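Here the protein sequences come in this chain order: Y and L. As numbered in the numbering used here, residues 5 to 142 make up the first sequence, in order. As numbered in the numbering used here, residues 5 to 142 make up the second sequence, in order. Backbone N, C-alpha and C define an ideal beta-carbon position, used for all residues, glycine too. Please read these numbers as outputs of a predicted model, since none were measured by experiment.
Protein chains: 2
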Amino acid sequence: MDDCLKILKDHKFKITPKRKAVIELFLTSRKCLKPYDVYKAVRKRLDSLGLPTIYRILDEFCRIGIIKRLQSDDGQLVYAFCSSQKKHSHYFVCLNCNKVQEVSVCNINGISRYIEKNLGAKVESHQLQLEGICSECK
Amino acid sequence: MDDCLKILKDHKFKITPKRKAVIELFLTSRKCLKPYDVYKAVRKRLDSLGLPTIYRILDEFCRIGIIKRLQSDDGQLVYAFCSSQKKHSHYFVCLNCNKVQEVSVCNINGISRYIEKNLGAKVESHQLQLEGICSECK
DNA sequence: TCCATAAATAGAAATCATTTCTGTTTATGG
DNA sequence: CCATAAACAGAAATGATTTCTATTTATGGA
Ligand SMILES: [Mn+2]
Ligand SMILES: [Mn+2]
Ligand SMILES: [Zn+2]
Ligand SMILES: [Zn+2]
Numbered sequence: 005m006d007d008c009l010k011i012l013k014d015h016k017f018k019i020t021p022k023r024k025a026v027i028e029l030f031l032t033s034r035k036c037l038k039p040y041d042v043y044k045a046v047r048k049r050l051d052s053l054g055l056p057t058i059y060r061i062l063d064e065f066c067r068i069g070i071i072k073r074l075q076s077d078d079g080q081l082v083y084a085f086c087s088s089q090k091k092h093s094h095y096f097v098c099l100n101c102n103k104v105q106e107v108s109v110c111n112i113n114g115i116s117r118y119i120e121k122n123l124g125a126k127v128e129s130h131q132l133q134l135e136g137i138c139s140e141c142k
Numbered sequence: 005m006d007d008c009l010k011i012l013k014d015h016k017f018k019i020t021p022k023r024k025a026v027i028e029l030f031l032t033s034r035k036c037l038k039p040y041d042v043y044k045a046v047r048k049r050l051d052s053l054g055l056p057t058i059y060r061i062l063d064e065f066c067r068i069g070i071i072k073r074l075q076s077d078d079g080q081l082v083y084a085f086c087s088s089q090k091k092h093s094h095y096f097v098c099l100n101c102n103k104v105q106e107v108s109v110c111n112i113n114g115i116s117r118y119i120e121k122n123l124g125a126k127v128e129s130h131q132l133q134l135e136g137i138c139s140e141c142k
């Protein structure tokens with residue numbers, strides 16, 4: 005939590021109850037959440053809350069690297085907590101419970117080299133999302 | 005083209021001018037396209053065309069593996085031609101011209117093994133999207 | 001070749017996620 | 001404290017996507 009608040013301060017964002025509640029939610033749930041999921045969960049804890057606020061906060065958090073936007077099958081916005089701000093990211097998403105786990109190893113260099121050699125292109129970033137069933141759901 | 009028509013037949017879909025035009029477009033452009041892009045392009049060749057038809061065709065083609073849905077930065081639906089129907093896919097998308105090139109090599113097994121060993125999870129599929137600048141745009 | 005029939009389609013309308021706008025409230029540095 | 005810009009709620013607008021319905025069309029079998 006303190007790490008996240010530091011990121012906010014570093015980017016001159018104010019520490020507000022809404023922002024803290026959103027961080028808290030991502031820290032505790034560790035799942036990928038849609039804006040409305042976040043809205044429903046955060047609204048319980050606060051007296052008033054607007055959905056546009058959630059959209060704005062999620063977008064801000066995404067820009068400063070507190071959360072990360074994931075791929076979703078239905079095209080809706082989906083976010084998950086993200087501990088590192090890299091040009092690349094690997095997530096494992098449980099198809100059953102939606103839990104998201106970050107994967108630190110990266111062996112994409114081989115593929116990148118292949119592309120740069122065979123397609124003559126310059127690879128600047130990549131995103132890998134793996135899906136399956138997590139240990140608890142098995 | 006014939007390959008695609010065969011896929012349609014195999015799935016008991018009728019061969020219609022709209023469907024052929026959409027296939028034609030993906031085969032010739034080789035780019036990732038949004039539904040409205042497809043609509044604009046196909047409408048030129050045909051006397052009448054509804055946007056819902058495009059959405060439906062894109063969804064159908066996606067289900068039977070003629071095209072593939074990609075990640076898009078703005079959350080809109082984006083599709084690209086797809087020659088193989090695998091549980092996994094690797095695309096290289098040019099950030100400048102939007103051209104999409106399929107990448108055949110796969111070294112994700114290492115990451116999958118890592119996940120299965122360290123997270124105790126079962127990996128069922130993955131999607132890797134690499135972005136950069138293609139040879140022509142460099 | 002012709003027909004019956006289910007599939008495909010156009011166009012209008014509805015839906016719904018997301019964004020914009022505006023007036024009010026709030027966090028924070030000084 | 002206070003001034004001030006940032007953050008916010010709530011209403012409204014937007015725009016992508018989906019649904020609905022009446023009409024057209026592709027196609028397997030006569
Ligand atoms: Mn990587
Ligand atoms: Mn692979
Ligand atoms: Zn799970
Ligand atoms: Zn290019």
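Beta-carbon to beta-carbon, Ile112/L and Leu132/L are separated by about 7 Å, close enough to satisfy the 8 Å threshold. For Val46/L, the secondary structure class from DSSP, reduced to helix, strand or coil, is helix. Within the stretch 114 to 141 of chain Y, the residues whose Cβ lies closer than 8 Å to any Cβ of chain L are, in chain order, Gly114, Ile115, Ser116, Tyr118, Ile119, Leu123, Gly124, Ala125, Lys126, Val127, Glu128, Ser129, His130, Gln131, Leu132, Gln133, Leu134, Glu135, Gly136, Ile137, Cys138 and Ser139. The shortest C-alpha to C-alpha distance from Asp7/L to any of Lys142/L, Ser76/L, Ile137/L and Phe65/L is the one to Phe65/L. For Phe96/L, at least one C-beta of chain Y is nearer than 8 Å to its own C-beta. Contact check between the stretch 17 to 30 of chain L and the stretch 43 to 57 of chain L: three or more CB pairs, one atom from each, fall below 8 Å, which counts as touching. Listed in chain order, the non-local C-beta contacts of Leu12/Y below 7 Å within the same chain comprise Ile19 and Arg23, local neighbours out to five positions each way being set aside. Within the model, the alpha-carbon separation for Lys38/L versus Val26/Y is close to 32 Å. A residue is called buried when at least 16 other Cβ atoms come within 10 angstroms of its Cβ; Gly136/L meets this threshold and is buried. Among the bridge pairs identified by DSSP, Phe85/L is matched with Ile71/L. In terms of Cα proximity to Asn122/Y, the closest of Lys44/L, His130/L and Cys138/L is Cys138/L. Of the candidates Leu81/L, Ala45/L, Met5/L and Ile70/L, the residue whose Cα lies closest to the Cα of Tyr59/L is Leu81/L.
If you draw a straight line from the Cα of Ser116/L to the Cα of Phe85/L, it is about 26 Å long.
Gln75/Y and Leu29/L have their alpha carbons spaced roughly 25 Å apart. Residues of chain L whose Cβ lies closer than 8 Å to the Cβ of Leu81/Y are, in chain order, Gly79.
About 7 Å separates the beta carbon of Val42/L from that of Leu62/L, a gap short enough to meet the 8 Å contact definition. The straight-line gap separating the alpha-carbon atoms of Ile119/L and Phe96/Y is approximately 8 Å.
In the structure shown, Glu120/L adopts helical secondary structure according to DSSP, grouped into three states.
Between Ile68/L and His15/L a beta carbon distance of about 5 Å is seen, short of the 8 Å cut, so the two are scored as contacting.
In the DSSP assignment, Leu12/Y falls within the alpha helix (DSSP H) that extends over Asp6 to Asp14. Tyr40/Y counts as exposed, since fewer than 16 other beta carbons sit within 10 angstroms of its beta carbon. Around the beta carbon of Arg49/L, a 10 Å sphere encloses fewer than 16 other beta carbons of the protein chains shown; the residue is thus reported as exposed.
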